[in-house]
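To start, the structure itself, in structure tokens.
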Amino acid sequence: MKHKLSEAQITSYRNNGFLIVDDFLSQPEVEHWKTTIDEAVKARKGRKFPHSEIKTGASDGINKDAEYFGKVFDQIINLWMTDDGVKEIMFDKNLGKMAAELAEVDGIRIWHDQSLVKQPWGNPTAWHLDTPFWSFSHREALSVWVALEDVTLQNGCLYFMPGSQKDTDFIEPGIGANMGDIFNDYPNYAKKDPTPSIIKAGSCSFHNGLTIHAAGVNMTPYTRKAMTCAYMPDGSVFNGKQNVLPDDYFKSLKIGDLLNNEAQNPLIYHKDWE
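Heads up: the sequence shown begins at 42 in the working numbering, then just goes up one per residue.
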């Protein structure tokens with residue numbers, strides 16, 4: 042794993058709200074990730090969450106249009122909870138340190154991981170933000186997106202709006218079938234050029250949860266597989282939204298409670314561990 046970040050990379054991320062890391066994984070690592078994640082996804086038998094029977098593509102209260110999003114990608118969340126191999130991958134201290142360095146925070150917790158498989162001819166993902174959906178509000182929350190297959194303009198690469206994380210907020214604009222709905226809330230970005238993330242298998246991108254981003258349609262007869270993980274800065278507190286939290290845990294929380302449950306949001310890196 043190419044886990045050491047330069048000052049130039051960190052500065053680029055801070056300015057643009059995203060960072061592309063080429064050749065993040067070696068070829069043997071790519072094969073290990075892909076095999077491990079494929080097996081973990083198969084074992085879940087289509088269940089989107091470990092704590093419920095909701096199937097990927099079904100309405101989960103998060104996306105507005107389940108039928109449309111069922112054809113955007115197959116989404117399986119928190120595989121680390123149900124597969125030891127994925128847990129070992131996701132708990133890598135070096136990966137956590139990268140996230141902490143980019144976010145400029147002391148510690149990083151997993152918010153949730155997710156396998157994303159865009160099927161052949163899969164729909165695009167409209168421009169959106171991530172953090173407004175989540176159960177905490179922190180401007181430095183971020184995600185890593187690791188390509189397990191080559192990602193191209195043709196098969197649905199990600200696109201980022203550089204610098205948008207500086208102007209967005211925690212108002213939840215939602216995400217639906219209309220590609221540009223978010224520009225009703227952020228009209229200045231409707232006239233800006235996005236940056237495509239065209240990356241080879243084993244490369245990755247990081248992006249701030251308040252960076253405006255999207256993904257294109259898969260115009261090929263092949264899958265586009267990725268493994269992602271959303272990160273929560275240590276010390277984040279509950280904002281009242283359920284998102285991916287299991288019912289029992291959600292009902293036990295009050296707004297302002299510290300989200301430090303190791304069984305749900307494990308701490309994978311802290312600078313004091315160095």
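A virtual CB, placed ideally from N, CA and C, is assigned to each residue, including glycine.
Neighbour-count burial assignment, residue i, 16 or more Cβ in a 10 Å radius
{"i": "A267", "result": "buried"}
{"i": "Y272", "result": "buried"}
{"i": "A84", "result": "exposed"}
{"i": "S184", "result": "buried"}
{"i": "G297", "result": "exposed"}
{"i": "L299", "result": "exposed"}
{"i": "P173", "result": "buried"}
{"i": "W74", "result": "buried"}
{"i": "S27", "result": "A query on residue 27 cannot be resolved here, the shown segment of the chain reaching from 42 to 315 and no further."}
{"i": "E303", "result": "exposed"}
Reference residue i, options the options, closest by Cα
{"i": "N229", "options": "I239, T209 and S246", "result": "T209"}
{"i": "W314", "options": "K134, M273, L294 and H153", "result": "K134"}
{"i": "V82", "options": "M260, D222 and L157", "result": "L157"}
{"i": "N56", "options": "I240, L143, F291 and Q283", "result": "L143"}
{"i": "L294", "options": "I130, F177, Y54 and P165", "result": "F177"}
{"i": "A167", "options": "G281, N301 and V258", "result": "V258"}
{"i": "N306", "options": "K282, K292, D275 and N280", "result": "D275"}
{"i": "K241", "options": "R265, F224 and P235", "result": "R265"}
{"i": "F90", "options": "T123, L194 and I51", "result": "T123"}
{"i": "E213", "options": "M131, I253, K233 and I117", "result": "I253"}
{"i": "V192", "options": "F211, L60 and C245", "result": "C245"}
{"i": "L136", "options": "V62, Q206 and N301", "result": "V62"}
{"i": "N159", "options": "I95, K232 and M260", "result": "In the sequence on display, residue 159 carries Lys and not Asn. Among I95, K232 and M260, the Cα nearest to that of K159 is on M260."}
{"i": "P203", "options": "K232, K112, A182 and L194", "result": "K232"}
Residue range of the unbroken beta strand (DSSP E) whose run includes residue i
{"i": "M268", "result": "R265 to P274"}
{"i": "K282", "result": "No beta strand (DSSP E) contains K282, which DSSP labels as neither H nor E."}
Heavy atom of the ligand SAM within 6 Å of residue i beta-carbon
{"i": "D210", "result": "With respect to the ligand SAM, the structure offers nothing, as it holds no ligand at all."}
8 Å contact criterion, which residue i and residue j should meet: CB distance rounded
{"i": "G243", "j": "E70", "result": "7 Å"}
{"i": "H44", "j": "K138", "result": "7 Å"}
{"i": "L189", "j": "D154", "result": "Not quite, the Cβ-Cβ distance comes to about 13 Å (not below 8 Å), so this is no contact."}
{"i": "N284", "j": "W186", "result": "Not confirmed; about 18 Å, so no contact."}
{"i": "S277", "j": "G58", "result": "At roughly 19 Å, the Cβ-Cβ gap does not stay under 8 Å, so S277 and G58 are not in contact."}
{"i": "P165", "j": "A256", "result": "6 Å"}
{"i": "L194", "j": "I239", "result": "6 Å"}
Residue i: first and last residue of the uninterrupted alpha helix (DSSP H) it sits in
{"i": "V71", "result": "Q68 to R85"}
{"i": "T52", "result": "E48 to N57"}
{"i": "L136", "result": "K134 to A144"}
{"i": "V127", "result": "D125 to M131"}
With three or more C-beta pairs closer than 8 Å as the rule, is the stretch 65 to 74 touching the stretch 203 to 218?
no
Taking three-plus beta-carbon pairs below 8 Å as touching, is the stretch 149 to 158 in contact with the stretch 192 to 201?
no
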